[in-house]
Amino acid sequence: MTDDTLRRVTVERTATGHFTATNERGGTIAFGTAGDAEFTPVELLLASIGGCTAADVDVATSRHTEPTGFSLTVTGDKISDEEGNRMTGLAVTFTVTFPDGESGDRARAILPRAVKTSHDRLCTVSRTIEAGTPVTVTVADA
2 MTDDTLRRVT
12 VERTATGHFT
22 ATNERGGTIA
32 FGTAGDAEFT
42 PVELLLASIG
52 GCTAADVDVA
62 TSRHTEPTGF
72 SLTVTGDKIS
82 DEEGNRMTGL
92 AVTFTVTFPD
102 GESGDRARAI
112 LPRAVKTSHD
122 RLCTVSRTIE
132 AGTPVTVTVA
142 DA
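Here it is as structure tokens:
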């Protein structure tokens, strides 16, 4: 991997069931498994899918006009079966509105194509999930 392609996040345990992820730019996000208000790892996965495709669609549509409303919901079922724990039925639903007028009409017209292009080509997160990229797990010497 080169410095241009490698992405890195470090996760540190802060307490039982609580963790902080730090990116190389110093940004942090707390998450956990203890049932608090923090996001769980699965919720972060859903947020990553939504955030990635939202960013793609926002860039494409906001070239024409600022939306008057822009939200999306990402859902999926967490199951446990003979294959282990995993998510199925992942779905993203956009709710986007634009102002009346010519620029809003242009943005509305390209919205379906922007969503499709993000899903089919641009969103690294959902494309990785759909491609089924293997995850290598190792234990480093302490």
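In this note's numbering, the protein residues as written are 2 to 143.
Every residue, glycine too, gets a C-beta built ideally from N, C-alpha and C.
Helix, strand or coil: which one does DSSP assign to Thr139?
In the sequence shown, counting from the first residue as 1, residue 139 sits at position 138. In the structure shown, Thr139 sits in coil (DSSP, three-state: anything other than H, G, I, E or B).
At what residue ranges does the segment 2-46 contain a whole run of the alpha helix (DSSP H), taking only runs of 4 or more?
List check, alpha helix (DSSP H) in window: nothing returned.
Where Asp57 falls: helix, strand or coil (DSSP)
The residue labelled residue 57 in the question sits at position 56 within the sequence shown. Three-state result, Asp57: helix.
Under the three-state reduction of DSSP, which class applies to Gly70: helix, strand or coil?
For the purposes of this step, residue 70 is identified with residue 69 of the sequence shown, where counting begins at 1. DSSP places Gly70 in strand when its eight states are reduced to three.
Inter-residue Cα distance where the pair is Glu25 and Leu7
Walking along the sequence shown from the start, residue 25 turns up at place 24. Walking along the sequence shown from the start, residue 7 turns up at place 6. Taking the straight line from one Cα to the other gives about 11 Å.
Would the segment 130-143 count as touching the segment 99-116 if we require 3 or more Cβ pairs under 8 Å?
no
Top-ranked residue by Cα proximity to Thr34, from Val126, Gly27, Asn86 and Phe20:
Indexing the sequence shown from 1 puts residue 34 at position 33. Nearest Cα to Thr34 within the set Val126, Gly27, Asn86 and Phe20: Phe20.
Is the CB-CB distance between Phe32 and Thr23 below 8 Å?
Along the sequence shown, one-based indexing puts residue 32 at 31. Along the sequence shown, one-based indexing puts residue 23 at 22. In this structure, Phe32 keeps its C-beta atom at 8 Å or more from the C-beta atom of Thr23.
Identity of the residue in Ala132, Ala110 and Arg109 nearest His120 by Cα
Position 119 of the sequence shown holds residue 120. The residue with the shortest Cα to Cα distance from His120 is Ala132.
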